[in-house]
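Undergrad: Each residue of the sequence shown is one higher than the one before, starting from 370 at the first, in the working numbering. Beta carbons are placed, not taken as given, at the ideal position from N, Cα and C, and that holds for glycine.
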Amino acid sequence: MLTLHVLQAILFKNFALYETRTIYKIKKGKHNMNLILLGAPGAGKGTQATKISDRYGLVHISTGDIFRANIKNGTKIGLLAKSFIDKGELVPDEVTCEIVKDRLTWEDCKNGYLLDGFPRNLFQAEELEKFAKIDGVVNINIDFKLLMDRLCGRRVCKECGESFHVSTLNGATTCSRCGGELYQRKDDNPETVGSRLNVYNEQTAPLIDYYTKKGIILNFTGSEAPAEVLFEEIKAGLDQMTK
Ligand code: ADP
Ligand code: ZN
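#1: Does the distance between the C-beta of Gly549 and the nearest non-hydrogen atom of the ligand ZN fall short of 7 angstroms?
#2: Can you list, in chain order, the residues of its chain with a C-beta nearer than 6 angstroms to that of Gly411? Leave out the 5 residues immediately preceding and following it.
#3: According to DSSP, what are the bridge partners of Glu523?
#4: Sorry if obvious, but does the Cβ on Asp471 come closer than 7 angstroms to a heavy atom of the ligand ADP?
#5: Pair every Cβ in the segment 564-577 with every Cβ in the segment 451-459, then say whether three or more of these pairs are closer than 8 angstroms.
#6: Rounded to a whole number of angstroms, what is the C-alpha to C-alpha distance between Glu496 and Arg437?
#7: Is it buried or exposed for Val598, if we count other Cβ within 10 angstroms and need 16 for buried?
#8: What's the C-alpha gap between Ala574 and Thr542?
#9: I'd like to confirm something about Cys478: is its beta-carbon nearer than 7 angstroms to some heavy atom of the ligand ZN, or not?
#10: Quick one: is the Cβ of Glu528 within less than 7 angstroms of any heavy atom of the ligand ZN?
#11: Write down every uninterrupted run of the beta strand (DSSP E) in the segment 530-576 whose length is 3 residues or greater and which is fully enclosed by it, in chain order.
#12: Once the 5 residues before and after Arg424 are set aside, which same chain residues still bring their CB inside 7 angstroms of it?
#13: Mind reading off the beta-carbon distance from Val469 to Phe487? Whole number of angstroms is fine, and I expect it under 8 angstroms.
#14: Around the C-beta of Thr581, are 16 or more other C-beta atoms found within 10 angstroms, so that it is buried, or is it exposed?
#15: Are Gly426 and Asn480 touching if we call contact CB-CB under 8 angstroms?
#16: First and last residue of the alpha helix (DSSP H) that includes Asn490?
#17: Straight-line CA distance for Lys414 to Phe589?
#18: In chain order, what residues of the same chain have a beta carbon less than 7 angstroms from the beta carbon of Val557, not counting five sequence neighbours either side?
#19: Give the secondary structure of Ile392 by DSSP, where H, G and I count as helix, E and B as strand, and everything else as coil.
#20: Excluding sequence positions up to five away, which residues of its chain have a Cβ less than 6 angstroms from the Cβ of Gln572?
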């Protein structure tokens with residue numbers, strides 16, 4: 370349920386819309402496409418999103434990052450989002466859709482964008498159609514058995530958003546990419562991960578069917594192989610699509 374102050378926050382645009390992960394290059398012209406990245410929590414969306422947006426010059430828009438920036442900045446939206454994120458539930462659709470709708474009006478979206486973590490249910494997908502034209506959906510399927518360990522062992526860079534796993538860090542506490550400090554997300558604990566995976570199964574997975582019917586989905590399988598391997602496949606699929 371939306372409280373009055375949240376509605377006010379939406380009306381007066383009282384929320385922080387910037388992502389924490391802002392290292393993107395905008396290469397004008399060539400690939401001017403709007404993509405959605407779909408996949409369960411822990412499927413490797415964040416890592417692939419960075420690679421895809423760098424390669425094709427797309428703005429990376431992660432609703433999870435937007436919410437975390439709002440929490441960090443103590444905005445009203447952040448306060449509301451925190452209560453849902455901490456439980457592994459979805460932030461209400463009205464709030465999430467309004468944030469994305471507004472973000473897509475920014476000048477930098479003109480050359481194409483990659484939506485990471487949105488839409489997350491059928492309602493959001495249908496809303497998105499009212500204000501955006503989507504050219505393709507990159508879906509990463511993954512064996513659910515891998516996810517609990519991946520997420521609970523995940524450490525994220527505060528500066529660039531890159532993800533690591535404790536098992537490969539050898540005790541390092543800083544990012545090998547940019548030197549930023551690594552932290553564990555509050556929602557990366559067994560209980561919250563359990564709810565996030567349930568939410569994915571019940572609400573987000575039906576989107577695979579939805580976009581398959583529209584004929585715009587590209588399917589890939591994530592694994593324990595290095596992220597570069599999956600990225601090569603995604604790149605081949607997207608290059609084919611943009612030919
Ligand atoms: P992950 O994919 O690992 O769960 P995200 O950073 O995409 O991580 O999302 C973290 C949390 O932010 C979600 O569990 C949910 O509470 C909230 N969230 C992100 N995107 C959405 C969305 N489109 N709709 C509702 N809630 C969202
Ligand atoms: Zn970093």
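TA: On the basis of the supplied data:
#1: Here residue 549 refers to the residue found at position 180 when the sequence shown is read from its first residue. Gly549 Cβ: within cutoff of the ligand ZN.
#2: Counting from 1 along the sequence shown, the entry for residue 411 is found at position 42. Contacts found: Leu516, Arg519 and Leu520.
#3: As a first step, residue 523 must be located in the sequence shown, where it is residue number 154. The sequence as given places Arg at residue 523; Glu does not occur at that position. His534, per the DSSP bridge assignment.
#4: Position 102 of the sequence shown, counting from 1, holds the residue named residue 471. For the ligand ADP, not one heavy atom lies less than 7 angstroms from the Cβ of Asp471.
#5: The answer is yes - the segment 451-459 touches the segment 564-577, with three or more Cβ pairs under 8 angstroms.
#6: One-based indexing of the sequence shown puts residue 496 at position 127. One-based indexing of the sequence shown puts residue 437 at position 68. Distance between the alpha carbons of Glu496 and Arg437: 23 angstroms.
#7: Looking up residue 598 in the sequence shown gives position 229. Exposed is the call here.
#8: Counted from its first residue, the sequence shown places residue 574 at position 205. Counted from its first residue, the sequence shown places residue 542 at position 173. Between Ala574 and Thr542, the C-alpha separation is close to 34 angstroms.
#9: Walking along the sequence shown from the start, residue 478 turns up at place 109. The nearest non-hydrogen atom of the ligand ZN is 7 angstroms or more from the C-beta of Cys478.
#10: Taking the sequence shown and counting its residues from 1, one reaches residue 528 at position 159. Checking every heavy atom of the ligand ZN against the Cβ of Glu528, one is found closer than 7 angstroms.
#11: The segment 530-576 contains these whole beta strand (DSSP E) runs: 532-534.
#12: Counted from its first residue, the sequence shown places residue 424 at position 55. If we look at Arg424 and ignore the five residues flanking it on each side, its Cβ neighbours are Lys604.
#13: Looking up residue 469 in the sequence shown gives position 100. Looking up residue 487 in the sequence shown gives position 118. Confirmed, Cβ separation roughly 5 angstroms.
#14: In the sequence shown, residue 581 corresponds to position 212, counting from 1. It is exposed - the Cβ of Thr581 has fewer than 16 other Cβ atoms within 10 Å.
#15: Working through the sequence shown from its first residue, we reach residue 426 at position 57. Working through the sequence shown from its first residue, we reach residue 480 at position 111. In contact: Gly426 and Asn480 (Cβ atoms closer than 8 angstroms).
#16: Walking along the sequence shown from the start, residue 490 turns up at place 121. Following the DSSP letters along the chain, one finds Asn490 in no alpha helix (DSSP H), marked with neither H nor E.
#17: By 1-based counting over the sequence shown, the position of residue 414 is 45. By 1-based counting over the sequence shown, the position of residue 589 is 220. C-alpha separation (whole angstroms): 12 angstroms.
#18: Taking the sequence shown and counting its residues from 1, the one referred to as residue 557 is at position 188. First, the amino acid is wrong: residue 557 is Asp here, not Val. For Asp557, where only same-chain residues beyond five positions count, the Cβ hits under 7 angstroms are Leu520, Cys521 and Arg523.
#19: Start at 1 with the first residue of the sequence shown, and residue 392 comes out as number 23. For Ile392, the predicted model reports a pLDDT of 33, less than 50, meaning its position is unreliable; a value from the coordinates is still stated below. In the three-state reduction of the DSSP assignment, Ile392 falls in the coil class, being assigned neither a helical nor a strand state.
#20: On the sequence shown, residue 572 is found 203 positions in, with the first residue counted as 1. Counting only Cβ-Cβ distances below 6 angstroms, and skipping sequence neighbours, we find Asn490.
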